[in-house]
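Residue numbers (the numbering used here): 227 to 421.
Each remark here refers to the structure printed beneath this line.
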Amino acid sequence: MTGQTDTPTTREQSPECDTGSDGFRSDAAATYAVLAECWREPTEQLTEAIEAGELAPVVGDIGSADRHRLRTEYTRLFIGPAGPPCPPYESVYRDGEDPDALGPVKGPATTAVVRWYREFGVQPAAAHSDLPDHIATELEFAAYLAEAGFDEELDQFFEEHLAVWADEFLRQVETETREPFYASLATTTREILFQ
């Protein structure tokens with residue numbers, strides 16, 4: 227969302243944007259962006275960062291990381307085959323008719339998130355096929371808001387979206403996962419979001 231090449235959204239980069247090694251002027255923006263990348267399907271770059279200890283502040287020292295094992299767990303938790311135990315979409319947690327059951331994807335919450343993105347002129351990049359209300363996409367948008375200095379808007383987006391569903395999702399991940407990476411990532415994400 228900040229115009230960087232590896233982000234899940236595209237936007238023209240403003241001339242005053244810092245293009246240094248981390249690409250962010252704001253620590254909060256960098257934190258949200260790192261969390262967002264961690265919630266996407268595991269890549270070789272992610273496993274290399276884990277192995278090098280670069281993600282220790284986010285997930286602790288979990289030792290070695292096997293990309294195949296992480297991808298298998300990612301698929302089991304978030305994709306399926308038959309109804310994943312931890313769908314990473316806001317609409318699933320907010321738009322169901324039964325408060326004790328998960329709802330459908332692409333519900334009213336998805337539409338509301340898309341309105342936020344449009345208001346700020348951002349859109350998902352073609353490289354990421356996730357739905358707009360995926361945890362990673364919402365965290366990337368939070369990174370964009372933090373980097374751009376839209377503090378009031380970030381607070382409002384958090385209250386209207388992430389605060390409403392992320393805690394339930396993160397608890398679900400902690401309960402269901404078999405991988406230390408995802409357990410630690412869920413705990414850290416909660417600490418960052420609800421501090």
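By construction, the Cβ of each residue, glycine as well, lies at the ideal position given by its N, Cα and C atoms.
Quick caveat: nothing in here was measured; it's all calculated off a predicted structure.
Burial state of residue i (16 or more Cβ within 10 Å)
i, result
"His294", "exposed"
"Phe420", "exposed"
"Gln382", "exposed"
"Gln271", "exposed"
"Thr363", "buried"
"Thr401", "exposed"
"Ile361", "buried"
"Gly279", "exposed"
"Glu405", "buried"
"Gly329", "buried"
"Glu417", "exposed"
Limits of the alpha helix (DSSP H) - the one that residue i falls within
i, result
"Ser317", "316-320"
"Pro334", "334-345"
"Glu277", "270-277"
"Leu261", "253-264"
"Pro283", "282-285"
Contact under 7 Å by Cβ, residue i with residue j
i, j, result
"Leu388", "Thr415", "no"
"Ser317", "Asp359", "yes"
"Glu277", "Ala291", "yes"
"Ala256", "Glu366", "no"
"Asp321", "Gly309", "no"
"Tyr300", "Glu267", "yes"
"Ala392", "Ala259", "no"
"Ser252", "Ala335", "no"
"Gln398", "Cys312", "yes"
"Arg343", "Val331", "Here the sequence assigns Tyr to residue 343, which means Arg is not the residue at that position. It is not a contact, given that the beta carbons lie outside the stated cut-off."
"Glu378", "Tyr319", "no"
Cross-strand partners of residue i (DSSP beta bridge)
i, result
"His196", "For the chain, the structure presents residues 227 to 421; residue 196 sits outside this window and is missing."
Test: residue i CB closer than 7 Å to a CB of chain B
i, result
"Ala372", "No chain B is part of this structure, which consists of one protein chain only."
Could you tell me which uninterrupted beta strand (DSSP E) segments, each at least 3 residues in length, are contained entirely in the stretch 364-414, listed from first to last along the chain?
Here no run is fully enclosed.
Run through the stretch 287-315 for me and flag every whole alpha helix (DSSP H) of 4 or more residues, listed as ranges in chain order.
Taken in chain order, the unbroken stretches of alpha helix (DSSP H) that lie wholly in the stretch 287-315 and span 4 residues or more are 293-304.
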